[in-house]
Amino acid sequence: SYGEAASLEGTLYKAGETSLLDVLDAQRSLYSAEDSLLQSRVLLATNYIALNKALGGGWDGAVDSAKPEIVDVKTGPRLASKPAS
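Taking the numbering used here, the leading residue of the sequence shown gets 1, the next gets one more, and so forth.
Written out as structure tokens, the structure reads:
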């Protein structure tokens, strides 16, 4: 993984086996991958809301992806359900 590669490059740099440029390149790759993951999660949540809204899920708010707020990424999106009567 990118995290392991960045860690390995850091270890190699401390041992004098690689250049600082290699360390920075590995870190840049890691941060780029993390950014892509976050953008994918925001897009997933936005698309889920649009789907739920299209299926009549009762979403009345606007979808503002400029300010993403993911409270718990492990729970993920859930289908809307009607309260028990």
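Virtual Cβ for every residue (Gly too), placed ideally from N, Cα, C. Remember, it's a predicted structure, so these values are computed and weren't measured experimentally.
Excluding sequence positions up to five away, which residues of its chain have a Cβ less than 8 Å from the Cβ of residue i?
i: Leu-20; result: Tyr-13
By DSSP, does residue i sit in helix, in strand, or in coil?
i: Glu-4; result: helix
i: Leu-37; result: helix
i: Leu-21; result: helix
i: Ala-50; result: helix
i: Gly-135; result: Given that the chain is displayed from residue 1 to residue 85, the structure contains no residue 135 and the question cannot be resolved.
i: Leu-86; result: Given a span of 1 to 85 for the chain in the structure shown, any question on residue 86 remains unanswerable.
Please report how far the alpha carbon of residue i lies from the alpha carbon of residue j, in whole angstroms.
i: Gly-56; j: Arg-41; result: 23 Å
i: Glu-17; j: Ser-36; result: 30 Å
i: Leu-44; j: Leu-38; result: 10 Å
Ordered along the chain, which non-local residues of its own chain (more than five positions away) have a Cβ less than 7 Å from that of residue i?
i: Gly-119; result: There is simply no residue 119 to check, as the chain begins at 1 and stops at 85 in what is shown.
Going by alpha carbons, who is nearest to residue i out of the options?
i: Gln-27; options: Leu-37, Ser-7, Leu-43 and Glu-17; result: Ser-7
Worksheet item: How do the segment 2-16 and the segment 29-46 stand: do at least 3 beta-carbon pairs fall below 8 Å, yes or no?
Response: yes
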